[in-house]
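Residue numbers (my numbering): -17 to 445. Yeah, the Cβ is synthetic: ideal placement off N, Cα and C, and Gly gets one too. Please read these numbers as outputs of a predicted model, since none were measured by experiment.
Here is the structure:
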């Protein structure tokens, strides 16, 4: 089988092959068939949100910004739902192979919660859309009805204005006749003609004028509301039908969004019906788990070894550090010893010193080294030369001090390793003159056959 990537260990190769031929691993491989229902569902939800937000604010930046944020959030949650469902279905397949494997019920629970959330969002968006559609249907039913068209034509032709004028004129005439009758009853014409005339002239109501009546050219709000009520009765129950239809539609959309995972699970479950296949996969599973355990054990063993090595090095460094501190203290003590001697001899304390070094005096170890059989046989650590004590007269004061440090003030036996170069430079300073001076001293000691080099520097003499 073609490998997906270059692998460099047997364990990784086995793991890659196991993944390529896995009967218990669900892969997320979506095509247009999965993304199409996702975007349909997302569009319905966002349209419902648009209708809702547009009733709160007319600011387009706020509206479209909120819709963009919600779209990203919904797609982010959808990706996690897919991973959770994948984990659950993979654990179900593994359980078919390895009966002790635990099914990821938490993944199932969370994917169910997210699916319920998506269905709720779909229904909410659908109900918002249904309100919009219902309003459009009411408008269509009302405006297309014959009664509305008659009222609309009357309003536009001015018939309503004529009717209002006629009604007002009738009211005026009735009021005038009633007033005159009252005057005639109170003041008879033959006896009180003048009073009768004055009474009739007291009628001050102004007759209506047709030109002063203003009527709109549209149907009145009362008539429109009456027609709307009739239309709503006509479409009563539409909302419930729309709810149940879209509930089923939302379930289908959510199924199609994860159908590739479900189909993989069904196909692999069908293949796992063969007991021989289950047995082989169980054997492969156990081999892989054992190799994981062995790899972990080997890693732990190596870490333990490295930890012990580090501890040994740390202890050795602590010992060397302590020796360096003792050497510094010894150097200070020797310098302090020279102070009263210099004062008694009327000498300067720094007399005879160069380059910042104080002559501590040479320490000659008169004890002769007598090699035993073991050191004589070890030619790498001991080479007899008949000259077992370093002659300080061959060296200047600075070189003498460096020799004392190299031989640890006489504590390095013949055949022993000298104090390391870095430790010496820690004492005298890591600068170029001191490094060059120490390098030249190594060469001079080797020429005089006081030391030899075998990976590190070893002594052939003592001080």
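Asked: For the candidate residues 387, 414, 14, 278, whose alpha-carbon lies nearest to that of residue 313?; Found: 387
Asked: Enumerated in chain order, which unbroken segments of the beta strand (DSSP E) with a length of 3 residues or greater are wholly contained in the region 366 to 430?; Found: none
Asked: For residue 401, count the other beta carbons within 10 Å of its own beta carbon; 16 or more makes it buried, fewer makes it exposed. Which is it?; Found: buried
Asked: Where DSSP assigns a beta bridge to residue 441, which residues make up the other side?; Found: 433
Asked: Where does residue 174 sit, in a helix, a strand or coil, going by DSSP?; Found: coil
Asked: Using only alpha-carbon positions, find the residue among 80, 151, 374, 407 that is nearest to residue 392.; Found: 374
Asked: If we count Cβ pairs, one from each stretch, closer than 8 angstroms, do we get three or more for the region 115 to 124 versus the region 81 to 95?; Found: no
Asked: Beta carbon of residue 306, beta carbon of residue 385: below 8 angstroms?; Found: no
Asked: Suppose you measure from the CA of residue 170 to the CA of residue 178; what does that come to, to the nearest Å?; Found: 7 angstroms
Asked: So for residue 69, helix, strand or coil by DSSP?; Found: helix
Asked: At what residues does the alpha helix (DSSP H) containing residue 20 begin and finish?; Found: 14 to 36
Asked: Straight-line CA distance for residue 281 to residue 300?; Found: 28 angstroms
Asked: Check whether the Cβ atoms of residue 107 and residue 45 lie closer than 8 angstroms to each other.; Found: no
Asked: Note down, in chain order, each residue of its chain lying with its Cβ closer than 7 angstroms to the Cβ of residue 410, except the 5 sequence neighbours on either side.; Found: 416
Asked: Please classify residue 19: is it buried, with 16 or more other beta-carbons within 10 angstroms of its beta-carbon, or exposed?; Found: buried
Asked: Have a look at residue 180 and residue 187 and give me their C-alpha separation to the nearest angstrom.; Found: 15 angstroms
Asked: With 16 as the cutoff for other CB atoms within 10 Å, does residue 447 come out buried or exposed?; Found: Within the shown structure, residues of the chain are numbered from -17 to 445, placing residue 447 beyond reach of any answer.
Asked: Just mark residue 21 as buried or exposed, buried being the case when its beta carbon has 16 or more other beta carbons within 10 Å.; Found: exposed
Asked: Could you check the C-alpha separation between residue 156 and residue 209 for me, to the nearest Å?; Found: 35 angstroms
Asked: With DSSP as the reference, label residue 81 as helix, strand or coil.; Found: coil
Asked: Assuming residue 264 contacts residue 80 under a Cβ cut-off of 8 angstroms, what Cβ separation, rounded to an integer in Å, is found between them?; Found: 6 angstroms
Asked: CB-CB under 6 angstroms to residue 390, same chain, minus the five flanking residues each way: which ones, in chain order?; Found: 401
Asked: Run the CB neighbour count on residue 198, radius 10 Å, all protein chains shown included, and call it buried at 16 or more, exposed below.; Found: Its pLDDT being 48, under 50, residue 198 is placed unreliably by the model, and the measurement read from it follows with that caveat. Result: exposed.
Asked: Assign residue 448 to one of three DSSP states: helix, strand, or coil.; Found: The chain is shown from -17 up to 445; residue 448 falls before or after that span and cannot be answered.
Asked: Out of 398, 284, 419, 16, which has the shortest C-alpha to C-alpha gap to residue 435?; Found: 398
Asked: From the DSSP output, in three-state form, read off residue 322 for me.; Found: helix
Asked: Pick out whichever of 250, 48, 97, 295 has its Cα sitting closest to the Cα of residue 23.; Found: 97
Asked: To the nearest angstrom, report how far apart residue 51 and residue 245 are at their CA atoms.; Found: 32 angstroms
Asked: Ends of the alpha helix (DSSP H) at residue 245?; Found: 241 to 253
Asked: Does the region 233 to 241 come close enough to the region 109 to 116 to have 3 or more Cβ pairs within less than 8 angstroms?; Found: no
Asked: Which residue wins for smallest C-alpha separation from residue 91, given the options 66, 105, 102?; Found: 66
Asked: Using the three-state DSSP reduction, which class does residue 187 fall into: helix, strand or coil?; Found: coil
Asked: Is it right to say residue 63 is buried, meaning 16 or more other beta carbons lie within 10 angstroms of its own, or is it exposed?; Found: buried
Asked: Taking Cβ to Cβ, would you say residue 217 is nearer than 8 angstroms to residue 78?; Found: no
Asked: What distance in whole Å lies between the Cβ atoms of residue 242 and residue 11, which are believed to be in contact at a cut-off of 8 angstroms?; Found: 6 angstroms
Asked: Grouping DSSP H, G and I as helix and E and B as strand, with all else coil, what is residue 106?; Found: helix
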